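Trainee:
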Amino acid sequence: MTFKQNLFANAHRLKAVSAGLLLAATTLVGSAPAASANHHLALYTPIEEPAAVDWTTRYAGEVPFSNISDGPVNVRTGPGTDRPVIRQLAHREGGIIEGCNTTLDWCLLGFGDGTNGWVKMSFFAGFADQPDWMSRYSPEAYYVNNTHGAINVRNAPFLTSTIQTTLAPNEGGYIQTCNVDLDWCQITLNGTEQTGWVYMPLMTGRVDIGCLSPSSNSLNSSNSLD
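The structure is reproduced here in structure tokens:
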């Protein structure tokens, strides 16, 4: 082989080697994103969270719960003692459950005035924990306002609840249910299907609804009472 032929052959082999190295480098670089993507997916695959516990299996919805402790209970912005206190509920005050964190045993109470807050449920009891209201009040008696002033009818058995209407002296209705611990009952209003909550110490039961004159020990007030 002449010198010129030998030089040409060496140049051809060098070109082939360079092409092979370029192809190998391209393959490695091109495969890197795929490997990185697979690693990314494996690292950030979401873990399925356990299903939340339905709070209505523990507490009854649309049922008033009241503070049964001896002192006031803090109402907070969230479920935990590290959350700010927004108000306090005195003994026998409470609200309607709107939701719960069953793990922490805190519930969100609505207070009937458009506000709500979180409380620790170990301080509260609902209707299921109370005596039968019929042991104190008669479902057959017609209960009337036993004062000389109007009394407030509210949408829940708490002083913080919204006032729906008022009952004039001798106006009233039949009891539907009661919160015995709080002395509030839900009654029909003056023979209609509308219902509301009244404070029972201001009411008296009359079997003969044709005789509705206030008793001699009626309260005398010109203002609405609770």
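In case it helps, this note's numbering puts the sequence shown at residues 7 to 232.
Glycine residues also receive a C-beta, built at the ideal position from the N, C-alpha and C atoms.
Everything numeric in this text was worked out from a predicted model, so none of it was measured.
Starting from the Cα of residue 116, find the closest Cα among 74, 95, 207 and 88 and give me that residue.
Mentor: Closest by alpha carbon: 95.
Trainee: Thinking just about the alpha-carbon of each residue, which of 150, 118, 154 and 138 is nearest to the one in residue 185?
Mentor: Closest by alpha carbon: 138.
Trainee: CA-CA distance, residue 212 and residue 99?
Mentor: Rounded to the nearest angstrom, the two C-alpha atoms are 28 Å apart.
Trainee: Residues in its own chain within less than 8 Å of residue 183 by CB, not counting five upstream and five downstream?
Mentor: The answer, listed in chain order, is 133, 139, 191 and 192.
Trainee: What are the start and end residues of the beta strand (DSSP E) that includes residue 127?
Mentor: Here residue 127 belongs to no beta strand (DSSP E), and DSSP marks it neither H nor E.
Trainee: From which residue to which residue does the beta strand (DSSP E) around residue 74 run?
Mentor: First-last for residue 74: undefined, no H or E at that position.
Trainee: Considering only residues of the same chain and omitting the five flanking positions on each side of residue 82, which have a CB-CB separation below 7 Å?
Mentor: If we look at residue 82 and ignore the five residues flanking it on each side, its Cβ neighbours are 89, 90, 91, 92, 123 and 124.
Trainee: What's the C-alpha gap between residue 121 and residue 154?
Mentor: Distance between the alpha carbons of residue 121 and residue 154 is about 32 Å.
Trainee: Does residue 210 pass the burial test, meaning 16 or more other C-beta atoms within 10 Å, or should it be called exposed?
Mentor: With 16 or more other Cβ atoms within 10 Å, it is buried.
Trainee: So, with DSSP's three-state summary, where would you put residue 95?
Mentor: It is a strand residue.
Trainee: How big is the Cα-Cα spacing for residue 204 and residue 188?
Mentor: For residue 204 and residue 188, the distance between alpha carbons rounds to 11 Å.
Trainee: Could you give the DSSP three-state label for residue 208: helix, strand or coil?
Mentor: If DSSP states are grouped into helix, strand and coil, residue 208 belongs with the helices.
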